[in-house]
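Under the working numbering, the first residue of the sequence shown carries the number -12, and numbering increases by one thereafter.
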Amino acid sequence: MGLTAETNRIVREFDYSDDQLNQGVSEFLAQMELGLEKDGTSLSQIPTYVTGVPNGTEKGLYLAVDLGGTNFRVCSIQLNGDTTFNLTYSKVAIPRELMTAKTAKELFSFLAKQIEVFLRTHHNEHFEHRMRRRFTFSNPEGFQDEEIFRLGFTFSFPVQQIGINKGILMRWTKGFDIPDAVGKDVCELLQTEIDRLGLPVKVAALVNDTVGTLMARSYTSPGKQGAVLGAIFGTGTNGAYIEKLANIKKNVPGSFDKSTGDMVINTEWGSFDNQLNVLPRTPWDHKLDEDSNNRGFQMFEKRVSGMFLGEILRLTIVDLLKQENIQLFRDANSSHNDWVSTTTVAPESGLFKQWGVDTAIMSVAAADNTPSLGTLRQALEDQLLVYSPSLEDAQAFKAIAEAIGRRAARLSAIAVAAIVLKTGKLNDPSWDGEPVDVGVDGSLVEHYPYFRDMMYEAFKTIEGIGEEGANKIQIGIAKDGSGVGAALIALVATAMEKNQPTPEVLSKQRSSIFSVGRIRWELSRVSWWQWAGVGLLTAFVASRRRDYLFGLWRRYVA
Ligand code: BGC
């Protein structure tokens, strides 16, 4: 079989028909219900203890950190209360060895160190001031730390949340693998390392990046109605939406505000259909899963997200290269100029290594629509060390890459469509003609050409949505969602801290207890030789001014 015929055969394997889309949506809705009934299901449907979305008037300075992919971000966010915010951030690549460290401490002490560096760099004055002024005081509930930064911890892995700042890590995803951390409270792991450095920081809220995205979109979104869904299509994929408390049948332990009647649910849809009832299964999907470190999990994510698409593409190309009779990257005269050149693939090409193909090259393939595919051919050379690829090579590569990208977008549409349908907002008269707003973030949705267009094309074929419904769905980018969202949740958490005064209350209390608390704290810092010095000085003054002091005593005391 020739290259074109074999390419077409592979492309067809990645087709996902309209019928399959509809079956996918029904299955997604069914698995959502199951996840709301009990734990341990494919779609985890994790209650987040976030019971409302912001309206743009929130104010304050908060810290946020974000661990969820290749980088660790630390930021401070000033919420201005008028739907705007100012964000200062720093980003550091997580050393690969820490992603698979032996102990959780290794990773979390690195994270705490980055927080310290950030505070010293961007908030030094504030930081030093707080370090100096830090003291404890007693109130009826016990000792409280007063001068501290509240921090929202965006931790984008499946976590069984048991409180607004408590959550047990269920499993790692996206290439992380530190078994020692599984089953532990990730907030406590971080707080312990923060405390070890003596930083004035309290982990106030634990947030999944999708929840942050939902919050951020609602804070900044211009519409009257908040966003109904926050979703990430990046290295990983997931979504969080607002559910009626009455529909959450499984136990939600601990206390939370019930007044809104709602709670944000982190679906963890990366694990939708781990049992493969409706997800496609090509030989390359199978191979990718077999070789992964979480076999049988994140089956939806493994077909949709940026971490995996490049690898699926690599596996198809490797298969083509194995076939002697297929002319891929073997052209004896592949040049498109006067030079005669032969295509070669360097042995150290990423094509021959697991995870060696970065998904970003798929965006190049999709964006290059020139007759000679010059940009793609250059990228093949620069990124994959395929020298002098021919036009036919590039065409085959592009066709397969686009098929994988298109399938990912159509599968993504299943998740968004199912949740939009579940909210019932498409036909809700109280929605008042407002679009049904979905906040999204992530490299794929931001940079893969036509990703959103392909999702809309899929929406139109879904029962209950159709052309009219698709036009009502508004998918908007929520940039920096995880940072701003985490700050917003830290704000809510601060106000919710049970029996614990919020910063405003604290500053009021301080004026009444300031002197007692401050004196007690200052005295506890005086060393024995300072006490001795004070004693000697007092004795000296007393002996020189004895008559004067007696006079004062007689006049005012005796
Ligand atoms: C994680 C989710 C996260 C998503 C996007 C997935 O691998 O399980 O918790 O929201 O990636 O970052």
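Virtual Cβ for every residue (Gly too), placed ideally from N, Cα, C.
query	result
Beta-carbon proximity list for Arg512, same chain, < 6 Å, skipping 5 on both sides	Caution applies to Arg512, whose pLDDT of 49 falls short of 50 and renders its modelled position unreliable; the value that the coordinates give is listed next. No residues qualify anywhere along the chain.
Buried or exposed by the 16-neighbour rule on C-beta atoms within 10 Å, applied to Glu(-7)	buried
Ser29 versus Arg(-4): straight-line alpha-carbon distance, rounded	32 Å
Alpha-carbon to alpha-carbon, Arg317 and Leu184	58 Å
Chain-order list of residues whose beta-carbon lies under 8 Å from that of Lys485 (same chain, five-residue window excluded)	Summary for Lys485: the model assigns pLDDT 47, below 50, so the residue's position carries little reliability; its value from the coordinates is reported in the next sentence. Hits under 8 Å: Ser242.
Environment of Phe108 [buried if 16+ CB atoms lie within 10 Å]	Inspection of the sequence shows that residue 108 is occupied by Thr rather than by Phe. Exposed, since its Cβ has fewer than 16 Cβ neighbours within 10 Å.
Counted within 10 angstroms of its Cβ, other Cβ atoms place Ser359 as buried (16 or more) or exposed	exposed
Cutoff 6 Å; reference Lys78; Cβ partners in own chain excluding five residues on either side	Asn58, Arg60
Cβ-Cβ distance between Glu293 and Thr222 below 7 Å	Note that residue 293 is Gly in the sequence shown here, rather than Glu. Yes. Within cutoff.
Length-filtered (4 minimum) alpha helix (DSSP H) runs lying within the stretch 29 to 100	83 to 86
Residues that DSSP places opposite Val373 in a beta bridge	Val332
Glu311 in three-state terms, based on DSSP	coil
DSSP bridge partner residues for Gln365 (one or two, in chain order)	According to DSSP, which records beta bridges pairwise, Gln365 is partnered with nothing at all.
Bridge partners - Asp244, DSSP secondary structure assignment	According to DSSP, Asp244 bridges with nothing at all.
Per-residue DSSP class, three states only, for Asp428	strand
Beta-carbon proximity check, Ser205 vs Pro422, cutoff 7 Å	no
Which of helix, strand or coil DSSP assigns to Ile252	strand
Segments of 4+ residues assigned as alpha helix (DSSP H) that fall wholly inside the stretch 174 to 219	196 to 207
Ala395 - containing alpha helix (DSSP H), residue span	378 to 410
Candidates Tyr49, Leu307, Tyr76: closest to Ala191 by CA position	Tyr49
Cα-Cα separation, Lys237 to Val305	46 Å
Under 7 Å between C-beta atoms of Leu408 and Lys459	no
Gln341, DSSP secondary structure in three states	coil
Glu230, enclosing beta strand (DSSP E) - first and last residue	224 to 231
Close Cβ partners of Ser494 (< 7 Å) along its chain, the five nearest in sequence each way excluded	Note that Ser494 has pLDDT 30, beneath the 50 cutoff, so the model's placement of it is unreliable and no number is given.
Ile476 versus Glu379: straight-line alpha-carbon distance, rounded	52 Å
Distance, Gly11 Cα to Ile449 Cα	10 Å
Where Thr346 sits in the DSSP three-state scheme	coil
Validate contact between the stretch 379 to 398 and the stretch 193 to 201 using beta carbons, cut 8 Å, 3 pairs	no
Reduced DSSP category for Val265 - H, G, I as helix; E, B as strand; rest coil	coil
Selected residue, minimal CA-CA separation from Lys245, among Tyr36, Arg290, Gly257	Tyr36
Whether Ala91 touches Leu186 by CB criterion (7 Å)	no
Reduced DSSP category for Ile460 - H, G, I as helix; E, B as strand; rest coil	strand
At least 3 beta-carbon pairs within less than 8 Å: the stretch 425 to 436 vs the stretch 160 to 174	no
Stretch-stretch touch, CB-based, cutoff 8 Å, three pairs: the stretch 11 to 22 with the stretch 257 to 265	yes
Three or more C-beta pairs below 8 Å linking the stretch 339 to 351 and the stretch 294 to 313	yes
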